[in-house]
Structure formats: structure tokens, C-alpha cells
Ligand code: CA
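Okay, structure coming up:
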């Protein structure tokens, strides 16, 4: 075949291909004896029944359509619907519809519900170590806690602890850094904190308690009125995006930056028995959609916070930072809380030991990278 003949037959061949699409007769013959085809039957097996929908009953600790946390779970359920072609349904029960907000852990453990969305520090009464999976005052940022959880052994420790309750947790979002809270009067020194009645839960509450604050636990619906009437002097909540909706700025105009919840983890937790019975494809879909939810919630908090902060500034909120003696007292109190809980509870000691090593490394890297950059930007 000379060069002209070759070009001519190649042109004819490609024209034929264009008209016939993927007609087998146009394909170059491949000798499969030289390229043995893999018969990977395992990969082709479908473990779920396409004609039978699997339904997961998921209860949350949030009201229906609660911004970011509630709507984030709704997006997760919609995502599962899309990628499973409807073969897997996440049926959401907002707080108090099926079980009370803070009963989801027990309800899931016993099998009354299949899964829940909440925050691990709500269960510190069962095991003080659980609060560490939410985060630690002066601890990890959202980015750092994801790093510890996914690559530093945190998630394995979390699952090891939850297995005792027949539960299997996933990262289910992050509030990102929270604000220190709303105060009716300015805090000029540690002396102003003494006897202050403040709504602050979790490890942060225990730290504030040792600093002389009187921590008060209140249901969300009672915080504003209590602040307005002076039943409490201060409250923390989350950050600008959610705080502005609570209206705290109207009755407590001093808004402090914080260190008590620098990146609180939210959880998507399954009944372990139910989880193990799910088809492997459905498990993979949940892992993918949960990973998306975890990233998106932190990002949505960030986005909404930047605009809500501008709105709060226009409402003449006074932005403030705790005086140095308050922050130093907080660090000292935290160490006391950690020492006590580590002595009382070997689970707490084990989880904290992992956090301590990882946090030390995070601080070194963050100081020379992000810390430097944020200071000069
Ligand atoms: Ca909070």
C-alpha cells in the first residue's frame, strides 16, 4: 500500500465510523487471547434489590428546616435519593417528632431509629470522652479536627467508643469557629466574670465554671427571654449566622470573640447493626454524601457568618475580645478540667492523649503558615 492509498482508506474508515457510530464492524479486531479479559464478578454483583426501597429513619436534634444544620441534613437526604436512584430513602424526623432532641442517642442505640444527626458533646453524661469528639476549648479548628479525625486516628477512636453503644458515627458537619457569646455588660477583667450567670454547655461550661462563672443550662426557646429579663447575664450560641436569628443583640449588645468552641464537630450516626445490614453500594453512597455534608456545612457557616457579621455591625453591636487575664484563666481552668476527667475516666485519658499529640503538631504548622498569613493579610 502506497502512501496515497493508505490515506484514502483511512479517510473512508473514519467517515464510516462517523456515520455508523459504534458499529462493531468498524472496530479494529483485538486478539483477546493476548489481552485476557478480566472476569470480576464481585464488582458486578448488585447487593441491593432495585425493586425494594430501603428506608432509614433518621432523627435530628434540630427543628425542621433549622438553618444550616437542619437544612444540611435535608440536602444530604436529597443527595442520597439522587445517587441511589430512589433505592435508598433517608426519612428525616426533626426534633420531638419521633423522639426528643436529646434522646436520639439512646433511641438509635436501642434500634427505635436507624440514625441521627446531632453533636457528640450532648452525650458527655454517658461518657465524658464523647465531648472530645465535638472539640476542645483552645483546641482544633474545623480543618484541623477533620485532619485528626480522618488521618490522625480520631474517627477510629470515636468508633471504638461508640461501638459499646451499638453505634457507628460519621463526621456530619462542623459549625466552624464559634463566638464567645453575648454579654449584657462589658467584661473588662476576670473580676467581671465572677458570679456571672451564663448559658454555656459542654466542656466550655466546665471551664467557665472554674473561672468563677455560674453556667446555666437552658432550652433554646428560653434563652432570649432569660437574657432580656436578666435571669442570665450572658449566653453563647454559635456564630453570627445563627445568633442574629435569635435576636440576642437586642438585649446583650457586647459580642465577644471566642475560644471555647473553635470548630465543633456534628455527627451523623447509625445504629451499628442497621449499618452492617445495608448493601455495600448504599453504604458507599452514604459515605460519599456524608463527606459532602461535612464539607458543605462548615462552608455554609463560613459564608453566612461573613454576611451576618456585616448586618450585626449595622445594628451597632459592640465587637469585643476577652481581656488577657480571662483568656489565661481559661487556659489554666481547661488544664484542670482535663486533669480531673483524665483521672476519672480512662476513655477520656486515651482520647485526650491522641488529641494532645496531634494538637501540638497542628499548632506548630498553623503558626508558621496560616497564623502568620492571617496576621499580615
Ligand atoms: Ca455553642
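In this note's numbering, the protein residues as written are 126 to 502.
The beta carbon of each residue, even a glycine, is placed where N, CA and C say it ideally should be.
| query | result |
| --- | --- |
| In this structure, how does DSSP classify residue 77 when only helix, strand and coil are distinguished? | Residue 77 is absent from the structure shown; the chain starts at 126 and stops at 502. |
| Per DSSP, which one or two residues make a beta bridge with residue 292? | 396 |
| Report the residue ranges of all beta strand (DSSP E) runs contained in full by the segment 317 to 368; include only those spanning at least 3 residues, in chain order. | 322 to 324 and 339 to 341 |
| Measuring only the C-alpha atoms, how far is residue 274 from residue 447? | 30 Å |
| Mind the definition here: the segment 400 to 417 touches the segment 429 to 444 only if three or more C-beta pairs lie below 8 Å; say whether that holds. | no |
| For residue 490, is the classification buried or exposed, using 16 other Cβ atoms within 10 angstroms of its Cβ as the cut-off for buried? | exposed |
| Since I believe residue 484 is in contact with residue 264 (beta carbons under 8 Å), could you give me their beta-carbon distance rounded to a whole number of angstroms? | 6 Å |
| Give the secondary structure of residue 266 by DSSP, where H, G and I count as helix, E and B as strand, and everything else as coil. | coil |
| Does any heavy atom of ligand 2 sit closer than 7 Å to the C-beta of residue 390? | The model depicted lacks ligand 2 and carries ligand 1 instead. |
| Provide the residue span of the beta strand (DSSP E) that contains residue 243, from first to last. | 240 to 243 |
| Return the residue from the list 198, 451, 301 and 171 that minimises the CA-CA distance to residue 429. | 301 |
| Quick one, what's near ligand 1 if you take every residue whose CB is closer than 6 Å to any heavy atom, in chain order? | 303, 361, 362, 363 and 386 |
| In the DSSP output, what is residue 308 paired with across the bridge? | 359 and 379 |
| Give me the Cβ distance between residue 364 and residue 303, rounded to the nearest whole Å; I'm assuming they're in contact under 8 Å. | 5 Å |
| Straight-line CA distance for residue 190 to residue 197? | 9 Å |
| Can you find the residues in the same chain that come closer than 6 Å, C-beta to C-beta, to residue 290, ignoring five residues on each side of it along the sequence? | 234 |
| Three or more C-beta pairs under 8 Å: does that hold for the segment 386 to 401 against the segment 241 to 255? | yes |
| Taking 8 Å as the threshold (C-beta atoms), are residue 459 and residue 374 in contact? | no |
| With a 10 Å radius around its C-beta and 16 neighbouring C-beta atoms as the bar for buried, classify residue 182 as buried or exposed. | buried |
| Using the three-state DSSP reduction, which class does residue 406 fall into: helix, strand or coil? | helix |
| How big is the Cα-Cα spacing for residue 501 and residue 482? | 28 Å |
| For residue 353, which residues in the same chain have their Cβ closer than 7 Å to its Cβ, ignoring the five residues on either side in sequence? | 376 |
| If contact is defined by three or more beta carbon pairs under 8 Å, each pair taking one atom from either stretch, is the segment 343 to 351 in contact with the segment 274 to 287? | no |
| Suppose you measure from the CA of residue 333 to the CA of residue 293; what does that come to, to the nearest Å? | 32 Å |
| Counting C-beta neighbours from all protein chains within 10 Å, is the total for residue 498 16 or more, i.e. buried, or is it exposed? | exposed |
| If you run the structure through DSSP and keep just helix, strand and coil, what is residue 442? | coil |
| Look up residue 535 in the DSSP assignment and say whether it is helix, strand or coil. | Outside the shown range of the chain, which is 126 to 502, sits residue 535, and nothing can be said about it. |
| Ends of the alpha helix (DSSP H) at residue 457? | 449 to 469 |
| Go ahead and label residue 372 buried or exposed: buried means 16 or more other beta carbons lie within 10 angstroms of its beta carbon, across all protein chains shown. | exposed |
| Contact check, residue 395 vs residue 358 under 8 Å by CB: the rounded distance? | That belief does not hold up - the Cβ atoms of residue 395 and residue 358 are roughly 40 Å apart, past 8 Å. |
| For residue 216, which of helix, strand or coil comes out of DSSP? | strand |
| Tell me where the beta strand (DSSP E) around residue 232 begins and ends. | Segment 229 to 235 is the alpha helix (DSSP H) holding residue 232; no beta strand (DSSP E) there. |
| What is the DSSP secondary structure of residue 251, counted as helix, strand or coil? | coil |
| From residue 488 to residue 495, what does the alpha carbon distance come to, in whole angstroms? | 10 Å |
| Measure the Cβ-Cβ separation of residue 214 and residue 178 and say whether it is below 8 Å. | yes |
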